[in-house]
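Enquirer: Residue numbers (our numbering): 12 to 711.
Just so you know, even glycine gets a beta-carbon here, dropped at the ideal spot from N, CA and C.
These figures come from a predicted structure and were not determined experimentally.
Dropping a structure here in structure tokens format, bear with me for questions.
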Amino acid sequence: MSVVSLRNEGDVAVITVDNPPVNALKHEVRAGLLDAFKKAGADANVKAIVLNCAGRTFIAGADITEFGKPPKEPGLSEVIATIENVQKPTVAAIHGTALGGGLETALGCHFRVAVATAKVGLPEIKLGILPGAGGTQRLPRLAGMEKAFPMIISGDPISAKDALAHGIVDEIIDGDLLAGAIAFAKKKVAEGAKLVRVRDREEKIADLKANPDKFNDIIAANSKKNRGEEAPVVTTEVLRGAITKSFDEGLKGEREGFMKLVVGDQSKAKRHYFFAEREAAKVPDMSKDVKPKTVKKAGVIGAGTMGGGITMNFANAGIPVTIVEMTEEALNRGLGIIRKNYENTMRRGGISQADLDKRMSLIKGSTDFNDLSDADLVIEAVFEEMPIKKEVFAKLEKVTRPDTILATNTSYLNVDEIAATTGRVPNVLGMHFFSPANVMKLLEIVRGKNTSDEALATAIDVARKINKVPTIVGVCHGFVGNRMLKARGIEAESLLLEGALPQEVDAATTGFGFPMGPFAMSDLAGLDIGWRIRKAMGQKSEIFDSLCELGRYGQKTGSGVYRYEGGSRTPIPDEVTEQIIVNASKNAGIKRRPISQQEIGERLIFSMINEGARILEEGIAMRPSDIDVVYVNGYGWPVWQGGPMFYADLVGLPYIVEKLEGYAKESGNEHLQPAALLKRLAAEGRGFSSLGVSPIKKAA
Ligand code: CAA
């Protein structure tokens, strides 16, 4: 069947795109649209044309898999120019999402109608590119630059209602969309409506054209910290062209900007990430027949920071959740914090009072484990100690139904050992959330060696329902994320001892694009956490133990690695810390040396990549791109750098091996010795991306 069909309903031609799953504009669709609009335009029996889509959505954009391949005619711009020049009313009928090239196609029509649930947007920036088929020039003309600029720079879609308010959509259709769109088209014919191409609408940008300096105010009003990302910079200038150039010159600028960005590494990285995120929850060795259980009721053990955040996720998704604490006092404290969080969101306009009330009504507090008897899934988020976890799971087994899925939110501990304390090992797995758990997107789902497919499928399904990005990992100390972070932490501390200062280490990290360096991060999290764990495990760190002994726990005490003045969160390098570090080097018999930003950056990043290679070697992650998903979503790895394993391929594995070997020799740090997999791939001239997918190893 053809991906684009044309039929006449009376004197209205209906052109329908049917290219599942999301009607992306692959070559055949572009060619089909061109052909159909030409035919309908020339058909004397046709008075108006409606463009609609079959399936779950309007056109969701260009076919991303075609980027980087040789272009095939017709290009989308040619298709849109043809649509735009049709001398009869053209109406795009939008449901689902009209995104990127999809919205640009709709902007080629004279009119747009939509169902109330539809969304429209130009998300190209999220793929490291810019709208390449006239979106940067047409949307400002249609909606005004004040609306178009933030839409294009953020890439976030807007609702049909918002689109209506800004003239992007002309009418919201209640009931059947196609019937409504045809009626709308007939009305325009009957009215003899003037057909104005979007490119010719100048009124909304007339003021800016006369006062182009005002464009800088729009930039300022939408400024976001840009840590080295190219697309926002290029896009801003292309958008400026909409008010400083003619439409055709503006289009030319857009094309040049698009071509520049689309071949760049940042766009490749973002496109890699788009597909990586969608792959991460696919489990190749899980039976296709397995169905997830529906979680109608959830339970959470522990009302601390993590437990509270996890609970909010369920309430936000409309799933009733019971939160259990040991004492009334701890429970009330936890519930109070949840309420306060919601109140803060309400103050910022994120939710209404009714939303708040509804969410709080879905949360039931209890000090009695028996209140979990009807839960379909219980997530434990108690103190990170094995004996406590075991005790909780033993209790859970007694009070819950035999089919209830039991999950632990442990960040490090052995999920198989926890599962073994119950008589229902297949129903146990890890669901590792990241703090703040109501905000962070990542969910590491830890598949134990005997976790059932049904439990795994349920965890993946529920993760999506509570708006998380699930990634499946295997059992090892720290799983994927924290295990790799530990490798970086060892290196960061070693760099301090060898001669670097915290601000230099942090600068190399933010210079790479992370929002924060490791030391600013530990000040935020609290140095006392690591101190307590070290004491429990009989470990020492001269630098960090000394800071804690001085009561310097981080931001919360006004000083940690850095100093914080007047309640500010800005880290100020501190002589006290420097002295502690210099003493620690001396006590360790290390002669301090200046260390370049390049060496710092490479040791931090390559040590993580090396650990990632070990994780793959051991079968703890299914694919290299899963590790990228963990890092982008959970640890602030800049998405335009693709994630650690994508970045490794970009840098080249032979270079990384050579550098790691050199740094290992110089520093004496054994963990810097390249992993066997890394060496093998480098020797074979391969990258991580050549590895494909292999199931999580169900090792003993
Ligand atoms: N090209 C190719 N494949 C796409 C695609 C696209 N634009 N959009 C989605 N897909 C694929 C996904 O990879 C996924 O494939 P699998 O089932 O094999 O994993 C499938 O379609 C379904 O996608 P989702 O799982 O994301 O489905 P969803 O219902 O959750 O979301 C969506 C639908 C909102 C449209 C979402 O897929 C999305 O945001 N897609 C990208 C939209 C986009 O970025 N468009 C702009 C493209 S660039 C452009 O248009 C440039 C230009 O100027 C011409």
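1. Measure from the alpha carbon of glutamate 455 to the alpha carbon of each residue in Glu396, Asp534, Ala291, Ala518, then state which is nearest.
2. Rounded to whole angstroms, what is the Cα-Cα separation between serine 372 and asparagine 478?
3. In angstroms with no decimal places, state the Cα-to-Cα distance between serine 257 and glutamate 95.
4. Excluding the 5 residues preceding and the 5 following leucine 44 in the sequence, name in chain order all residues of the same chain whose CB lies nearer than 6 Å to its CB.
5. Along the chain, where does the alpha helix (DSSP H) containing histidine 443 start, and where does it finish?
6. Pull up the distance between the alpha-carbon of glutamate 502 and that of glycine 528, whole angstroms please.
7. With the cut-off set at 9 Å, would you say leucine 118 and arginine 149 are in Cβ contact?
8. I need the DSSP call for threonine 521, collapsed to helix, strand or coil.
9. Who are the near neighbours of aspartate 368 in its chain, counting only those whose CB is closer than 6 Å to its CB and skipping five residues on each side?
10. Going by the C-beta, is alanine 103 closer than 8 Å to any heavy atom of the ligand CAA?
11. Is phenylalanine 160 near the ligand CAA, with its Cβ less than 8 Å from a heavy atom?
12. Could you check the C-alpha separation between glycine 139 and valine 244 for me, to the nearest Å?
13. In chain order, what residues of the same chain have a beta carbon less than 8 Å from the beta carbon of alanine 711, not counting five sequence neighbours either side?
14. With DSSP run on the structure shown, which of helix, strand or coil describes serine 570?
15. Grab me the residues of proline 134's own chain with a C-beta within less than 8 Å of its C-beta, minus the 5 sequence neighbours each way, in chain order.
16. So the candidates are Ile163, Lys137, Thr128, Lys130; which of them puts its Cα closest to the Cα of glycine 145?
17. Where do the ends of the alpha helix (DSSP H) carrying proline 635 lie?
18. Between the C-alpha atoms of proline 341 and threonine 421, what's the straight-line distance to the nearest angstrom?
19. Which residues does DSSP list as the beta-bridge partners of isoleucine 416?
20. From the DSSP output, read off the bridge partner residues of leucine 4.
21. Exposed or buried, what is methionine 548 when buried is set at 16 or more other beta-carbons lying within 10 Å of its beta-carbon?
22. Compute the minimum distance between the beta carbon of leucine 110 and the heavy atoms of the ligand CAA, and state whether it is under 8 Å.
23. Cα separation between aspartate 228 and threonine 521?
24. Would you call the region 603-623 and the region 659-677 touching, i.e. three or more CB-CB distances under 8 Å?
25. From the DSSP secondary-structure annotation, give me the bridge partner or partners of serine 16.
26. Beta carbon of alanine 2, beta carbon of phenylalanine 657: below 9 Å?
27. Is valine 450 buried or exposed, if buried means 16 or more other CB atoms sit within 10 Å of its CB?
28. By DSSP, does alanine 710 sit in helix, in strand, or in coil?
29. Flag lysine 137 as yes when its Cβ comes closer than 8 Å to any non-hydrogen atom of the ligand CAA, and as no otherwise.
30. For alanine 632 versus valine 486, is the C-beta distance shorter than 9 Å?
31. Taking 9 Å as the CB-CB limit, is serine 165 close to chain C?
32. Considering only C-alpha positions, which residue in the set Ala386, Ala624, Ala231 is nearest to glycine 330?
33. Taking the C-alpha atoms as reference points, what is the distance between serine 557 and lysine 225?
34. Any heavy atom of the ligand CAA within a distance shorter than 8 Å of the CB on aspartate 74?
35. In whole angstroms, what is the alpha-carbon distance linking lysine 452 and arginine 614?
36. So if DSSP puts glycine 376 in a beta bridge, which residue, or which two residues, is it bridged to?
Expert: Here's the rundown:
1. Reading the sequence shown from its first residue, position 444 is the one you call residue 455. For glutamate 455, the nearest C-alpha among the options comes from Ala291.
2. Locating residue 372 in the sequence shown gives position 361, where the first residue counts as 1. Locating residue 478 in the sequence shown gives position 467, where the first residue counts as 1. Going by the C-alpha atoms only, they are around 20 Å apart.
3. As a working mapping, residue 257 is identified with position 246 in the sequence shown. As a working mapping, residue 95 is identified with position 84 in the sequence shown. Straight-line Cα distance between these residues: approximately 17 Å.
4. Stepping through the sequence shown from its first residue, residue 44 is reached at position 33. If we look at leucine 44 and ignore the five residues flanking it on each side, its Cβ neighbours are Val15, Val90.
5. Residue numbering aside, residue 443 sits at position 432 when the sequence shown is read from its first letter. Not the alpha helix (DSSP H): histidine 443 falls in the beta strand (DSSP E), residues 439-444.
6. The residue given as residue 502 occupies position 491 in the sequence shown. The residue given as residue 528 occupies position 517 in the sequence shown. If you take the alpha carbons of glutamate 502 and glycine 528, they lie about 13 Å apart.
7. Your numbering for residue 118 matches position 107 in the sequence shown. Your numbering for residue 149 matches position 138 in the sequence shown. The answer is yes: Cβ separation under 9 Å.
8. Stepping through the sequence shown from its first residue, residue 521 is reached at position 510. Three-state DSSP puts threonine 521 in a helix.
9. Position 357 of the sequence shown holds residue 368. Once the five neighbours on either side are set aside, aspartate 368 has no close Cβ partner at all.
10. By 1-based counting over the sequence shown, the position of residue 103 is 92. Incorrect: alanine 103 has no Cβ contact closer than 8 Å to the ligand CAA.
11. Here the question's residue 160 lines up with position 149 in the sequence shown. Result no, Cβ not under 8 Å from the ligand CAA.
12. Position 128 of the sequence shown, counted from the start, is the residue given in the question as residue 139. Position 233 of the sequence shown, counted from the start, is the residue given in the question as residue 244. Taking the straight line from one Cα to the other gives about 11 Å.
13. Your numbering for residue 711 matches position 700 in the sequence shown. The predicted model places alanine 711 with a pLDDT of 43, which falls under 50 and marks its position as unreliable, so this point remains unresolved.
14. Taking the first residue of the sequence shown as position 1, residue 570 is located at position 559. Serine 570 falls in the strand class under three-state DSSP.
15. On the sequence shown, residue 134 is found 123 positions in, with the first residue counted as 1. Excluding residues within five positions, the ones whose Cβ falls inside 8 Å are Gly72, Leu110, Gly111, Gly166, Asp167, Pro168.
16. Position 134 of the sequence shown, counting from 1, holds the residue named residue 145. Of Ile163, Lys137, Thr128, Lys130, the residue nearest in Cα terms is Ile163.
17. Translated into the one-based positions of the sequence shown, residue 635 becomes position 624. Proline 635 -> alpha helix (DSSP H) spans 635-645.
18. For the purposes of this step, residue 341 is identified with residue 330 of the sequence shown, where counting begins at 1. For the purposes of this step, residue 421 is identified with residue 410 of the sequence shown, where counting begins at 1. The question names proline, but residue 341 is alanine in the sequence shown. Whole-angstrom Cα-Cα distance: 20 Å.
19. In the sequence shown, residue 416 corresponds to position 405, counting from 1. Note: isoleucine 416 sits in a beta bridge opposite Leu388.
20. Beyond the ends of the chain as shown, which are 12 and 711, falls residue 4; an answer cannot be given.
21. Indexing the sequence shown from 1 puts residue 548 at position 537. Methionine 548 is exposed by the Cβ-count criterion.
22. Within the sequence shown, the letter at position 99 stands for residue 110. Yes.
23. Position 217 of the sequence shown holds residue 228. Position 510 of the sequence shown holds residue 521. Between aspartate 228 and threonine 521, the C-alpha separation is close to 27 Å.
24. yes
25. For the purposes of this step, residue 16 is identified with residue 5 of the sequence shown, where counting begins at 1. BP columns for serine 16 point to Thr27.
26. In the structure as shown, the chain begins at 12 and stops at 711. Residue 2 is therefore absent and cannot be evaluated.
27. Position 439 of the sequence shown holds residue 450. By the 10 Å Cβ count, valine 450 comes out exposed.
28. By 1-based counting over the sequence shown, the position of residue 710 is 699. At alanine 710 the pLDDT is 47, less than 50, meaning the model places this residue with poor confidence and gives no usable figure here.
29. As a position in the sequence shown, residue 137 is number 126, starting the count at 1. Checking the Cβ of lysine 137 against the ligand CAA gives yes.
30. On the sequence shown, position 621 is the one that residue 632 refers to. On the sequence shown, position 475 is the one that residue 486 refers to. No, these two residues do not count as a Cβ contact at 9 Å.
31. The structure shown contains no chain C; it holds only a single protein chain.
32. The count along the sequence shown starts at 1 and reaches residue 330 at position 319. The sequence given here places isoleucine at residue 330; glycine does not occur at that position. Checking every option, the nearest Cα to that of isoleucine 330 belongs to Ala386.
33. Locating residue 557 in the sequence shown gives position 546, counting from the first residue. Locating residue 225 in the sequence shown gives position 214, counting from the first residue. For serine 557 and lysine 225, the distance between alpha carbons rounds to 53 Å.
34. By one-based count along the sequence shown, residue 74 stands at place 63. Checking every heavy atom of the ligand CAA against the Cβ of aspartate 74, one is found closer than 8 Å.
35. Looking up residue 452 in the sequence shown gives position 441. Looking up residue 614 in the sequence shown gives position 603. Approximately 27 Å, taken between the alpha carbons.
36. In the sequence shown, residue 376 corresponds to position 365, counting from 1. In DSSP, glycine 376 forms a bridge with Ile334.
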